[in-house]
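> Reading the sequence shown from the start, the letters are residues 22 to 335 in the working numbering.
Every residue gets a Cβ at the ideal spot worked out from N, C-alpha and C, and that includes glycine.
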Amino acid sequence: MSGVSPIIFTDLLLKWKYLFPLFWRKVARNISSYRHSHGTAPMKPYFPCHCCTSAHLPQTGILKSLLVLLMCLSACAAARHTSSTHRLAMRSEEIAIQLDLAESYLRGGKNRLALAKLLQIKEAAPKSPRVFFDLGHVYSLMGDFSKAKTNFEQAVLLEPHFGDAWNYLGQVCAALDDYEAAKNAYAKALAIPQYLSKEFPAYNMADLFVRQGDLSQAETYAVLAVNTNWRYIPAYLLLGTILVDQGRIQDAQKWYEQGAESDLNNTAIMLALGENLIRLKRLPQARQWFKRVIQTAPLCQDALIANTYLESIR
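1) Return the CA-CA distance between D284 and E144, expressed in angstroms with no decimal places.
2) So P150 packs on A202, CB below 8 Å; how close in whole Å?
3) Closest by CA to F166, which one among C194, Q141 and L179?
4) Give a yes or no on whether the C-beta atoms belonging to A289 and I299 are separated by under 9 Å.
5) Just reading off the alpha helix (DSSP H) that R308 is part of, what are its end residues?
6) Are the CB atoms of A273 and N297 nearer to each other than 9 Å?
7) The alpha helix (DSSP H) with F183 in it runs from where to where?
8) Whose C-alpha, out of A227, K170 and A223, is nearest the C-alpha of A239?
9) For P233, collect the residues of the same chain with a Cβ closer than 7 Å to its Cβ; drop the 5 residues on either side in sequence, then sort them by chain order.
10) Under three-state DSSP, which class holds R232?
11) For K168, which three-state DSSP category applies?
12) For A137, report the span of its alpha helix (DSSP H) as first-last.
13) Which ranges does the alpha helix (DSSP H) cover as unbroken runs of at least 4 residues, wholly within the region 257-312, from first to last along the chain?
14) Rounded to a whole number of angstroms, what is the C-alpha to C-alpha distance between Y207 and E332?
15) Leaving out the 5 sequence neighbours to the left and right, which residues in its chain are closer than 6 Å to N250 when beta-carbon positions are compared?
16) Look at the alpha carbon of A169 and the alpha carbon of V265, and state the distance between them as a whole number of angstroms.
17) How far does the alpha helix (DSSP H) with L211 in it reach, from first residue to last?
18) Could you check the C-alpha separation between Y242 and Y224 for me, to the nearest Å?
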């Protein structure tokens, strides 16, 4: 019986309890028919054993009855198993739909609705790392970093290779001024081979080292972020700032130019490049980049700053 689930086995026992009398009534009828046709003397109650012989048994009728009974029980068990599997599949599908709805609330800034929906889903799916990740996310958006930390920790406990959860856990630890725990979380994310968004924990690690005044380590992780995703503009901006703070203006220029080439419509990197050209006393080139900022997005904050620079370096 090792291959039969406890539920199906119990079901079989219950069905046998009620069908057993019906089965033996059928057996009795077969025996009576056998006596009548063969003119035999009354027989003792039939209980199969190794000493029974074919001459004394109404075998055909009994075997037919037994076969019918076993087929019925088998069909009932199969139907119950199929129905149970279908209900579980539907439940999993419904949970996924509800999670999508909760995440749409998050994207729309409806944090209270998202939280209420996620707490409801948690009751039905207490082992889902995605549920705890989303709960951590909504709590962090609401400024409750302690609860966010608890839920992100549960997410990575359930799924140790959940890179985004490790990254977010690092961010809330940093917000709680637990820098060592934050570093550990970022390192966990970076160590996951299949994690494809390593530029985020690399950037966050670099930013953390900047806060601690370790510019050498900060530079290492900022370069890692850029090399991981050559179009991730925040990493270029952070790396340029790290290098400028060390007085390495020319090195910063190289990275600013590379960043501007990676995204031709990003006004933040254009503005940073123009500012660095002023440091290098290359004012005509700086003016060109400031004008480009204004042309790309004339109403943005970067354009207002670029216009101020243009007026000051005429």
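In short, the structure shows the following:
1) Walking along the sequence shown from the start, residue 284 turns up at place 263. Walking along the sequence shown from the start, residue 144 turns up at place 123. Answer to the nearest angstrom: the Cα atoms are 44 Å apart.
2) Numbered from its first residue, the sequence shown carries residue 150 at position 129. Numbered from its first residue, the sequence shown carries residue 202 at position 181. P150 to A202, Cβ: 19 Å. No contact.
3) The residue given as residue 166 occupies position 145 in the sequence shown. Ranking C194, Q141 and L179 by Cα distance to F166 puts C194 first.
4) Stepping through the sequence shown from its first residue, residue 289 is reached at position 268. Stepping through the sequence shown from its first residue, residue 299 is reached at position 278. No, the Cβ-Cβ distance between A289 and I299 is not below 9 Å.
5) As a position in the sequence shown, residue 308 is number 287, starting the count at 1. Per DSSP, R308 belongs to the alpha helix (DSSP H) from L304 to T317.
6) Looking up residue 273 in the sequence shown gives position 252. Looking up residue 297 in the sequence shown gives position 276. Cβ distance < 9 Å, so A273 and N297 count as in contact.
7) In the sequence shown, residue 183 corresponds to position 162, counting from 1. Looking at the DSSP string, F183 is not in any alpha helix (DSSP H), and its letter there is neither H nor E.
8) One-based indexing of the sequence shown puts residue 239 at position 218. When each option's Cα is compared against that of A239, the closest is A227.
9) Looking up residue 233 in the sequence shown gives position 212. It is Gln, not Pro, that sits at residue 233 in the sequence shown. Same-chain partners within the cutoff: Y200.
10) For the purposes of this step, residue 232 is taken as the residue at position 211 of the sequence shown. Helix at R232.
11) Translated into the one-based positions of the sequence shown, residue 168 becomes position 147. Reduced to three states, the DSSP call for K168 is helix.
12) Taking the sequence shown and counting its residues from 1, one reaches residue 137 at position 116. Taken as a continuous stretch (DSSP letters only), the alpha helix (DSSP H) holding A137 covers N132 to A145.
13) 270-283 and 288-300
14) Here residue 207 is taken as the residue at index 186 of the sequence shown, counted from 1. Here residue 332 is taken as the residue at index 311 of the sequence shown, counted from 1. Distance between the alpha carbons of Y207 and E332: 43 Å.
15) Numbered from 1 along the sequence shown, position 229 holds the residue referred to as residue 250. Same-chain partners within the cutoff: E220.
16) To locate residue 169, count along the sequence shown from 1; it is residue 148. To locate residue 265, count along the sequence shown from 1; it is residue 244. For A169 and V265, the distance between alpha carbons rounds to 35 Å.
17) Walking along the sequence shown from the start, residue 211 turns up at place 190. Segment Y200 to L211, the alpha helix (DSSP H) holding L211.
18) As a first step, residue 242 is located in the sequence shown; it is residue number 221 there, counting from the start. As a first step, residue 224 is located in the sequence shown; it is residue number 203 there, counting from the start. Cα to Cα, Y242 sits roughly 6 Å from Y224.
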